[in-house]
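Below is one structure; the comments refer to it alone.
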Amino acid sequence: MSDGFFGKLLTIDLNTQKIGEKYFSEEEARKYYLGSGLSAKIMMEWPDIERLDPLSPEAPLIFMTGLFVSTALPASTKLSVVAKQVATGIWNEATVGGHWPQAFRSTGYDGIVFSGRAEKPVYLVIDDGEVSFRDASSLWGLDTEKTAEKLDKGVGEGFLYGIIGQAGEKLSAIAAIAFDPPNYRMAARGGIGAVMGSKNLKAIAVRGTKKVPIARKDLMSKLLKEQAGPIRESTKGLHDFGTSGGVEAVEMFGDLPIKNWQLGSWKEGAKKIAGQTMQPEHLDHHYACYACPIRCGKIYKIPDHNEIGHGPEYENIAMLGSNCLNDDPEALIEANHLCNMYGLDAISTGHVISFSMEAFERGIISEKDTGGVKIEWGGAAVIKMIHLIGNREGFGDILANGVRKAAQIIGRNSEELAVEVKGLEIPAHDPRGHVSMSLNYATAVRGGCHLEGLTYFLDRGIPAPDLGFTSPPDPHRSDDKPPIVVTMQNYFSVFNPMGLCKFLFVGQVGPTIISEWCRAVTGWDISREEVMKTGERIFNLKRLFNIRHGISRKDDILPPRMYSGAKPDGKAAGVVANLGWMLHEYYKLRGWSELGIPVNEKLIELELAEFRK
3 MSDGFFGKLL
13 TIDLNTQKIG
23 EKYFSEEEAR
33 KYYLGSGLSA
43 KIMMEWPDIE
53 RLDPLSPEAP
63 LIFMTGLFVS
73 TALPASTKLS
83 VVAKQVATGI
93 WNEATVGGHW
103 PQAFRSTGYD
113 GIVFSGRAEK
123 PVYLVIDDGE
133 VSFRDASSLW
143 GLDTEKTAEK
153 LDKGVGEGFL
163 YGIIGQAGEK
173 LSAIAAIAFD
183 PPNYRMAARG
193 GIGAVMGSKN
203 LKAIAVRGTK
213 KVPIARKDLM
223 SKLLKEQAGP
233 IRESTKGLHD
243 FGTSGGVEAV
253 EMFGDLPIKN
263 WQLGSWKEGA
273 KKIAGQTMQP
283 EHLDHHYACY
293 ACPIRCGKIY
303 KIPDHNEIGH
313 GPEYENIAML
323 GSNCLNDDPE
333 ALIEANHLCN
343 MYGLDAISTG
353 HVISFSMEAF
363 ERGIISEKDT
373 GGVKIEWGGA
383 AVIKMIHLIG
393 NREGFGDILA
403 NGVRKAAQII
413 GRNSEELAVE
423 VKGLEIPAHD
433 PRGHVSMSLN
443 YATAVRGGCH
453 LEGLTYFLDR
463 GIPAPDLGFT
473 SPPDPHRSDD
483 KPPIVVTMQN
493 YFSVFNPMGL
503 CKFLFVGQVG
513 PTIISEWCRA
523 VTGWDISREE
533 VMKTGERIFN
543 LKRLFNIRHG
553 ISRKDDILPP
563 RMYSGAKPDG
573 KAAGVVANLG
583 WMLHEYYKLR
593 GWSELGIPVN
603 EKLIELELAE
613 FRK
């Protein structure tokens with residue numbers, strides 16, 4: 003055990019139900035931090051990782067807390083769930099906050115590494131370091147909410163759960179893992195729930211009392227007193243309405259996806275489904291992840307259900323709402339809740355539905371293809387399709403493969419309607435509204451991911467002086483974007499390994515503050531420059547993982563709709579990024595070849611030469 007971490011991972015072979023421990027060194031922790039950083043090293047060293055199907059028993063599934071989880075540092079409760087992406091086999095990490103990560107780390111472990119497949123459905127109980135398997139046969143087939151209710155009766159008080167629903171059991175490529183129901187925090191992207199389902203693992207229940215050792219409690223106390231207040235004040239808008247409060251502003255920027263990314267303006271519809279409109283009628287209470295002063299979570303009363311659940315975040319509002327022309331708040335809240343119960347990624351689910359709506363409208367598919375379902379724009383079809391996708395019934399079975407494979411199955415040029423990068427459906431930020439996101443999406447490690455760069459924060463006027471950004475760039479220019487994207491990707495690459503919430507950027511937490519927090523927790527004499535270099539190392543290590551799986555410049559592209567079709571109206575009308583030029587400059591700044599591969603000198607500089615292949 004070292005200051006800042008236990009140095010111990012739980013290893014679970016589900017084939018044999020063998021329980022073991024794996025230790026890591028302080029040198030490894032400082033080089034990669036924890037979370038997705040240390041997980042990337044484990045993935046790169048996994049035997050024959052390139053040949054393994056993501057759903058094969060031999061493929062790994064890793065749950066890893068960030069370095070700062072359970073330390074009481076603000077907004078530091080993120081868990082990374084890492085595996086191969088189900089749709090494509092490339093890198094995938096799904097992150098989640100809430101209270102489960104802190105409860106898990108309190109069991110005395112920093113992470114879990116799963117391999118194998120249980121002979122029959124099981125769930126895992128970790129009680130303050132004591133680990134046991136339980137029969138999950140009676141839970142198989144239940145949604146996440148009913149599973150949690152049964153677990154409450156079966157394992158005792160004080161446990162928190164990570165659970166898959168029917169989507170994960172049925173190996174949907176857009177299945178998620180639900181944590182902390184009914185408050186619902188979701189590890190959602192890349193089909194991570196299907197990987198858990200492929201191992202016949204229904205749930206993980208955790209409870210613990212162990213404390214993470216802190217190197218300098220005096221410095222920790224001083225930093226908390228100085229910084230918690232300013233973070234809370236600068237993120238007040240997120241506390242008041244959560245991410246749903248940004249819907250109208252995003253629409254104004256030309257950033258909101260509308261009608262499967264076809265339109266640029268939807269002012270009246272955006273107003274109807276914004277948090278400011280929905281919250282007065284539907285809010286039950288505010289919700290905070292562990293040790294978070296922001297409290298951006300919003301627990302809603304679910305219409306017609308006589309229960310509560312997490313209200314829709316911005317991404318879910320956009321993908322299940324505006325992108326499907328669904329302006330009915332109650333249908334939107336219901337759709338979001340159903341995704342949580344089935345264990346579905348709401349971003350990808352909204353994507354495949356809007357894709358099928360456009361295909362239906364254009365006559366590419368008909369009721370003959372859909373089993374008699376009219377997949378028409380609006381909330382009614384959204385709810386109908388979520389049930390079909392969650393249960394893999396009828397046409398929903400095709401959509402459960404994700405939009406890339408669904409388009410391949412349907413054919414008839416439907417690929418032109420699929421908005422994805424490297425097989426992952428892009429989230430609700432239009433790269434025509436923020437040109438920097440074109441480059442971020444094209445180069446993000448897991449594909450269509452906004453969280454690896456979040457450059458649109460800068461466009462909206464949030465300063466980052468510690469990163470050298472003091473005034474907002476022009477969101478529609480291409481010529482200044484490559485250095486911005488590289489810097490932001492390197493910076494955000496330490497967030498999941500540290501366990502940090504991305505909204506700390508809004509709270510003006512830069513690499514200098516992160517280095518101070520690291521000094522307090524671990525005692526390491528660490529600089530802001532080392533923080534940024536570690537971020538660069540982690541980003542490049544994940545890129546190397548993808549290169550081993552065949553990724554190169556040919557894959558650093560945008561979907562057809564984003565480079566061949568400008569928006570017809572709205573603030574971003576007519577904008578198309580110069581992606582080819584930006585990629586050329588980006589590769590030079592990264593120290594990569596023209597094929598997008600890190601050169602030997604860069605690998606030596608980043609101490610990654612051992613992974614050269």
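In my numbering, the protein residues as written are 3 to 615. Positions of the beta carbon are idealized from the N, C-alpha and C atoms, including for glycine. Nothing here was measured: the structure is a model prediction, and the numbers come from that model.
1. When you compare only the Cα positions, how much space is there between LEU69 and SER529?
2. What does the alpha-carbon distance come out to for the pair ILE319 and GLU270?
3. Which term fits PRO308, buried or exposed, when burial requires 16 or more other beta carbons within 10 angstroms of its beta carbon?
4. Count the other C-beta atoms from every protein chain shown that fall within 10 angstroms of the C-beta of ILE411, then say buried if there are 16 or more, exposed otherwise.
5. Got a sec? Which residues, its chain only, sit under 6 angstroms from GLY299 by beta carbon, not counting five neighbours each side?
6. Check whether the segment 200 to 214 touches the segment 161 to 177, taking contact to mean three or more Cβ pairs, one atom from each stretch, closer than 8 angstroms.
7. In terms of alpha-carbon separation, which member of GLY199, LYS10, TRP263, TRP102 lies closest to SER139?
8. Which class does LEU340 belong to by DSSP, given the choice of helix, strand or coil?
9. Count the other CB atoms, across all protein chains shown, that sit within 10 Å of the CB of ASP112; report buried if there are 16 or more and exposed otherwise.
10. Within 10 angstroms of its Cβ, does ASN185 collect 16 or more other Cβ (buried), or is it exposed?
11. Do three or more CB pairs link the segment 597 to 609 to the segment 280 to 294 at distances below 8 angstroms?
12. For GLY170, I'd like the list of residues in its chain whose CB is within less than 8 angstroms of its CB, leaving aside the five on either flank, ordered along the chain.
13. From the DSSP secondary-structure annotation, give me the bridge partner or partners of GLU427.
14. Can you pull the DSSP bridge partners for HIS312?
15. Any idea what DSSP makes of ASP461, helix, strand or coil?
16. Leaving out five residues on either side along the sequence, give the residues of the same chain with a beta carbon under 8 angstroms from the beta carbon of ALA409.
17. Can you tell me where the alpha helix (DSSP H) holding THR73 begins and where it ends?
18. Quick one: grab the DSSP three-state call for ILE216.
19. If we ignore side chains and look at the alpha-carbon of each, how far apart do ALA85 and MET45 end up?
20. Whole angstroms is fine: what's the gap from GLY210's alpha carbon to ILE260's?
21. Within the segment 83 to 128, note down every full beta strand (DSSP E) run reaching 3 residues or more, in order along the chain.
22. Could you check what DSSP says for HIS284 in three-state terms: helix, strand or coil?
23. Is there a Cβ of chain C sitting closer than 7 angstroms to that of SER139, yes or no?
24. Unbroken alpha helix (DSSP H) runs of length 4 or more, entirely within the segment 424 to 511: which are they?
25. With a threshold of 16 other CB atoms inside 10 Å of the CB of TRP583, please say whether the residue is buried or exposed.
26. Should MET45 be counted as a contact of the ligand PLP given a C-beta to heavy atom distance under 6 angstroms?
27. Tell me which same chain residues have a C-beta within less than 6 angstroms of the C-beta of LYS43, skipping the five on either side of it?
28. So what's TYR289 in DSSP terms, helix, strand or just coil?
29. Of the residues SER246, ASN262, GLY244, GLY266, which one's Cα is nearest the Cα of MET254?
30. Helix, strand or coil for TYR367, going by three-state DSSP, please let me know.
31. Excluding sequence positions up to five away, which residues of its chain have a Cβ less than 7 angstroms from the Cβ of LEU597?
32. Where do the N-terminal and C-terminal ends of the alpha helix (DSSP H) with THR146 fall, by residue?
33. Round the Cβ separation of VAL115 and LEU11 to the nearest angstrom and send it over; I've been treating them as touching at under 8 angstroms.
34. Does the Cβ-Cβ distance between ASP557 and LYS424 come in under 7 angstroms?
35. Apart from the five residues on each side of it in sequence, which residues of its chain come closer than 7 angstroms, Cβ to Cβ, to ILE549?
36. Fully enclosed by the segment 161 to 207, which alpha helix (DSSP H) runs are 4 residues long or longer?
With the given structure in hand:
1. 16 angstroms
2. 14 angstroms
3. Looking at the sequence provided, one finds Asn at residue 308 rather than Pro. ASN308 is exposed by the Cβ-count criterion.
4. exposed
5. TYR289
6. yes
7. GLY199
8. helix
9. buried
10. buried
11. no
12. ALA177, ALA178, ILE179, GLY195, ALA196, MET198, GLY199, GLY345
13. GLU422
14. ILE301
15. helix
16. PHE357, SER416, GLU417, LEU419, ALA420
17. Run containing THR73: none; DSSP gives neither H nor E here.
18. coil
19. 8 angstroms
20. 45 angstroms
21. 93 to 98, 113 to 117
22. helix
23. Absence of chain C from the displayed structure is noted, only one protein chain being present.
24. 437 to 445, 458 to 461, 483 to 494, 497 to 500
25. exposed
26. Summarising the ligand content, the structure contains no ligands, and the ligand PLP is consequently not present.
27. TYR34
28. strand
29. GLY266
30. Contrary to the premise, residue 367 reads as Ile rather than Tyr in this sequence. Correct three-state label for ILE367: coil.
31. SER554, ARG555
32. 146 to 157
33. 6 angstroms
34. yes
35. ILE599
36. 168 to 171, 194 to 200
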